[in-house]
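Asks: Take a look at this one; I'll ask things after.
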Amino acid sequence: MTDATIPENLTAGGANARPRFKVNTRALVMTAYLVFLMLPLYWLLNMSLKTNTEILNDFTLFPKDLTFANYATILTDPAWYMGYVNSLIYVVMNTLISLTVALPAAYAFSRYSFMGDKHLFFWLLTNRMAPPAVFALPFFQLYSSVGLFDTHIAVALAHCLFNVPLAVWILEGFMRGVPKEIDETAYIDGYSFGGFFVKIFMPLIASGIGVAAFFCFMFSWVELLLSRTLTTVDAKPIAAIMTRTQGASGIDWGVLAAAGVLTIVPGALVIYFVRNYIAKGFALGRV
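As structure tokens, then:
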């Protein structure tokens, strides 16, 4: 092989060679999924910054006449902003009640064996399997007869029927991961059960408590049927108000879109603050 033939072969090979582009299929799928996921949220935000005339007459990707009047209506009209206040009140009440009941119940299931414990644990989960529509009429008649109708505590207690079993199931998985020797050591050191549970045991399952609180909050925040059935005026949540926006002039689409954007904000904030607990929950607990 001579020196003259080497460049010739290289040149021929270089002329026939084609650039190869590697397509990252995972990146394309993830990008398409994110676009599909974020498109409704963007369109909701886009509508909230438009007038009703532009929403109904023009198809625009960006608002032509940017307006914040829809948000001003939400934040200044008591008929709107009190819906957020009512929702936050009964959601926080429900989360606190559910965790207060679920923590000792989950501890009992994780530490003690008693007759029918497996059946009782399964029975708790069956309450979570039933749709809320099944309990709407019994709750309505019960609360009407005892004077709890159209109150925040009524909705909070109704949601406990679904959130307590879920919280017990999540917390029990975390508690089983804590060795029983910690309980015995604490008793030997002179701790009472209450002191041990609050000062030692609860910090060990803080991630489980955060995960359970997150799911209780989100279910109670987005649930519509029970909260709408059990309230009329004084405790009516924002989800129920958003379904009754049609008036003589039709539906105010801009205000409704602004209300939807503001409804997403509390859930997004909760996810932001408990994101680390949720990640640990997927890795360690029953999530």
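Start counting the sequence shown at 576; every next residue gets the next number (my numbering).
C-beta: ideal position from N, C-alpha, C; glycine also.
Keep in mind it's a predicted model, so treat the numbers as computed, not measured.
At a cut-off of 8 Å, is residue 628 close to the ligand ATP when judged by its beta-carbon and the heavy atoms of the ligand?
Replies: As far as ligands go, the structure on display features none, and thus does not contain the ligand ATP.
Asks: Do residue 814 and residue 797 have their beta-carbon atoms positioned less than 9 Å apart in this structure?
Replies: Taking 9 Å as the Cβ cut-off, residue 797 and residue 814 qualify as a contacting pair.
Asks: So the candidates are 839, 619, 778 and 789; which of them puts its Cα closest to the Cα of residue 753?
Replies: 778
Asks: Considering only residues of the segment 764 to 820, which uninterrupted alpha helix (DSSP H) runs meet the minimum length of 4 residues and lie entirely inside it, listed in chain order?
Replies: The segment 764 to 820 contains these whole alpha helix (DSSP H) runs: 768 to 771, 781 to 797, 800 to 804 and 813 to 817.
Asks: Using a Cβ-Cβ cut-off of 7 Å (strictly less than) and excluding sequence neighbours within five positions of residue 731, which residues of its own chain qualify?
Replies: 665, 668, 669 and 672
Asks: Ignoring anything shorter than 4 residues, give me the alpha helix (DSSP H) runs that lie fully in the segment 619 to 684, in order along the chain.
Replies: 627 to 632 and 644 to 651
Asks: When burial is assigned at 16 or more other CB atoms within 10 Å of the CB, is residue 718 buried or exposed?
Replies: buried
Asks: Given residue 728, which residues of its chain have a CB within under 8 Å of its CB, disregarding the five upstream and five downstream residues?
Replies: 665 and 668
Asks: For residue 608, which three-state DSSP category applies?
Replies: helix
Asks: Where does residue 690 fall in DSSP's three states?
Replies: coil
Asks: Going by CA-CA distance only, name the one from 657, 679 and 827 that's closest to residue 629.
Replies: For the options 657, 679 and 827, the alpha carbon positioned closest to that of residue 629 is the one of 827.
Asks: Measure the C-alpha to C-alpha separation of residue 860 and residue 632 and round it to an integer number of angstroms.
Replies: Any reading at residue 860 needs caution, since the residue's pLDDT is 49, under 50, leaving its predicted position unreliable; the model's value is listed next. About 51 Å.
Asks: Nearest-angstrom Cα distance between residue 739 and residue 768?
Replies: 22 Å
Asks: Please state the DSSP three-state secondary structure of residue 723.
Replies: coil
Asks: So what's residue 761 in DSSP terms, helix, strand or just coil?
Replies: helix
Asks: Could you give the DSSP three-state label for residue 753: helix, strand or coil?
Replies: coil
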